[in-house]
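Student: Residue numbers -15 to 320, in this note's numbering, belong to the letters of the sequence shown in order.
Cβ atoms here follow ideal geometry from the backbone N, Cα and C, with glycine treated the same way.
Since the structure is predicted, the reported quantities are computational estimates derived from the model, not experimental observations.
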Amino acid sequence: MVNFPLPRIDLDPVLHDLLLPYCRIKIGEIWTNSGNRHKVGCIDSANSVHVKKMMKKETASLAVQDPPYNFVAFEEKKLSEFVNWCKRWVNISYNILSENASIYIWLGADQNNNFQPLSDFIRMMSSSGFTSRSFITMRNQRGYGTQKNWMSIRQELLYYIKGAPDFNIDAEYTEIPKILKGYYKTIDGKETENLERSKSENIRAGNVWVDIQQVFYRMEENVNGCYAQKPLKSIERIVLANSKEDEIIVDLFAHSGTTLIAAERLNRRCFTADIDPVFCEITIRRLENYRRNNKTGWQNSNPFAEDIIHDKKILSYLKKNYHFDLSYIKTENVAV
Ligand SMILES: C[S@@+](CC[C@H](N)C(=O)[O-])C[C@H]1O[C@@H](n2cnc3c(N)ncnc32)[C@H](O)[C@@H]1O
């Protein structure tokens, strides 16, 4: 089905509750796919008992964490509560990672408010047991602050390690051709510049990623209804650099299930969790849709389209509140 978008589910509690009957797991439950390869837990990721229930005795070699952060109004109290909450899941992450492992954390920095919550988060990490490795910036096409400040177009990604994990540098070449010359060096009496000496025509990924497209509705990987989907390419880059086939990757904030799809495509296992049954269901459906149709998302349809089309209550709700028109929807080439 196409032309069947969903509004942001997190902003519409009525729609959210109308979707609950289509969710196969409730809070406290874990979905496991056949063969135990992947798990989706509907759990509170800051609760060690919940997370242990999902991990059992297994450990992961990589964690990719993308917690929710609302930096619209970070008052002091709210900020310290947020950082204390982060401390809990960071500590849990440490305990479920193997001896030598990596962790990546996406977190925002409000340039109008002392770069919070990132700055206090980084301070908290210094006593977490993890060692800092890199501070990556991914370019975000949707900026803010264009008139009175430098437009903010960055998404921050922190990379830490536990022990001494491998880092697969070969996976780290981008598709960006080298365009900047510089850095001359004399080799065997001949002056050479960096482009001549390099091993590849392309740039190796450094800690500024400008080659990754933000997800939007025209892309196959788009998952309508979600509000914070990370580009698959960014997660696949991390997975290739920091894990091996059949190893476990954990993502305690699944949302649209990007890490699960990356793990499936790259032959890793993924244990992922979300506190909200609707996002757990979306994550499971995204995997099933990928296995069935080889599609990474729904482009401008949505994960619940096949159910909603038969649900008069949801249809009339969408019609009333979003001026939704059924005649826009197309299945293959037949208008419904
Ligand atoms: C920023 S989104 C993650 C986006 C994800 N990386 C993706 O690509 O789709 C954060 C998610 O964390 C979930 N969440 C919030 N608090 C949680 C908690 N205590 N335990 C587990 N999940 C939580 C939210 O429901 C939301 O879906």
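Check the DSSP bridge columns for phenylalanine 119 and list the partner residues they point to.
Tutor: Leu142
Student: Where arginine 388 and phenylalanine 288 are concerned, what is the direct C-alpha to C-alpha distance, given to the nearest angstrom?
Tutor: Shown here, the chain extends from -15 to 320; a query on residue 388 therefore has no answer.
Student: Any heavy atom of ligand 1 closer than 7 Å to the Cβ of serine 218?
Tutor: no
Student: Serine 32: beta carbon under 7 Å from a heavy atom of ligand 1?
Tutor: no
Student: For asparagine 97, which beta-bridge partners are listed by DSSP?
Tutor: Partner(s): none; asparagine 97 has no beta bridge.
Student: Just mark serine 116 as buried or exposed, buried being the case when its beta carbon has 16 or more other beta carbons within 10 Å.
Tutor: With fewer than 16 Cβ atoms within 10 Å of its Cβ, serine 116 is classed as exposed.
Student: If you check the beta carbons only, do lysine 323 and glutamate 185 fall under 8 Å apart?
Tutor: This structure cannot speak to residue 323, because the chain is shown only from -15 to 320.
Student: Report, in whole angstroms, the separation of the C-beta atoms of histidine 22 and cysteine 254, which I expect to be a contact under 8 Å.
Tutor: 5 Å
Student: Give, in chain order, every unbroken run of the alpha helix (DSSP H) that is at least 4 residues long and sits entirely within the segment 249 to 314.
Tutor: 261 to 277, 289 to 292, 296 to 306
Student: Could you check if lysine 214 belongs to the surroundings of ligand 1, using beta carbon to heavy atom distance under 7 Å?
Tutor: yes
Student: Note down, one range per segment and in chain order, each beta strand (DSSP E) of at least 3 residues found wholly within the segment 221 to 251.
Tutor: Qualifying beta strand (DSSP E) stretches, in chain order: 232 to 235.
Student: Helix, strand or coil for leucine 4? Go by DSSP, reduced to three states.
Tutor: helix
Student: From the DSSP output, in three-state form, read off asparagine 124 for me.
Tutor: strand
Student: Please classify aspartate 235 as buried or exposed, where buried requires at least 16 other C-beta atoms within 10 Å of its C-beta.
Tutor: Classification for aspartate 235: buried.
Student: Can you tell me which of Ser45, Glu13, Asn17, Asn54 puts its alpha carbon nearest to the alpha carbon of histidine 34?
Tutor: Glu13
Student: Quick check: what's the CA-CA separation for glutamate 83 versus lysine 146?
Tutor: 7 Å
Student: In whole angstroms, what separates the C-alpha of phenylalanine 114 from that of valine 67?
Tutor: About 16 Å.
Student: Report the rounded CA-to-CA distance for methionine -15 versus phenylalanine 105, giving the unit in angstroms.
Tutor: 42 Å
Student: For glutamine 131 and chain B, any beta-carbon pair shorter than 8 Å?
Tutor: Among the protein chains of the structure shown there is no chain B, as only one such chain exists.
Student: Please report the straight-line C-alpha distance between valine 207 and isoleucine 171, rounded to a whole angstrom.
Tutor: 52 Å
Student: Below 8 Å on the Cβ atoms is my guess for tyrosine 274 versus threonine 280; work out the distance and round it to an integer in Å.
Tutor: 6 Å
Student: Ligand 1 and phenylalanine 263: does any heavy atom of the ligand fall closer than 7 Å to the residue's C-beta?
Tutor: yes
Student: Throw me the rounded Cβ distance for the serine 29 and tryptophan 73 pair, which I believe falls under 8 Å.
Tutor: Taking 8 Å as the upper bound for CB-CB distance, serine 29 and tryptophan 73 are in contact here, some 5 Å apart.
Student: Does DSSP put asparagine 317 in a helix, a strand or coil?
Tutor: Note that asparagine 317 has pLDDT 46, beneath the 50 cutoff, so the model's placement of it is unreliable and no number is given.
Student: Our contact map puts glycine 241 next to arginine 202 with C-beta atoms below 8 Å; I'd like the distance itself, whole angstroms only.
Tutor: At roughly 20 Å, the Cβ-Cβ gap does not stay under 8 Å, so glycine 241 and arginine 202 are not in contact.
Student: Does glutamate 336 pass the burial test, meaning 16 or more other C-beta atoms within 10 Å, or should it be called exposed?
Tutor: Any question about residue 336 goes unanswered here, given that the chain covers just -15 to 320.
Student: Let me check one thing: in DSSP terms, what residues is leucine 91 bridge-paired to?
Tutor: According to DSSP, which records beta bridges pairwise, leucine 91 is partnered with nothing at all.
Student: In the DSSP assignment, the alpha helix (DSSP H) including arginine 202 goes from what residue to what residue?
Tutor: From DSSP, arginine 202 is part of no alpha helix (DSSP H); its letter is neither H nor E.
Student: By Cβ distance below 7 Å, which residues in the same chain neighbour leucine 302 in space, the five residues on each side in sequence not counted?
Tutor: Phe308
Student: Once the 5 residues before and after valine 24 are set aside, which same chain residues still bring their CB inside 6 Å of it?
Tutor: The residues are Trp15, Thr256, Cys264, Thr267, Ile268.
Student: Cα separation between asparagine 278 and glycine 173?
Tutor: 54 Å
Student: If you drop the 5 nearest sequence neighbours on each side, which residues of the same chain put their C-beta closer than 7 Å to that of valine 48?
Tutor: Tyr88, Ile219, Ile222, Ile233, Asp235, Thr243
Student: Using the Cα positions of methionine 109 and glutamate 272, report the straight-line distance between them to the nearest angstrom.
Tutor: Approximately 36 Å, taken between the alpha carbons.
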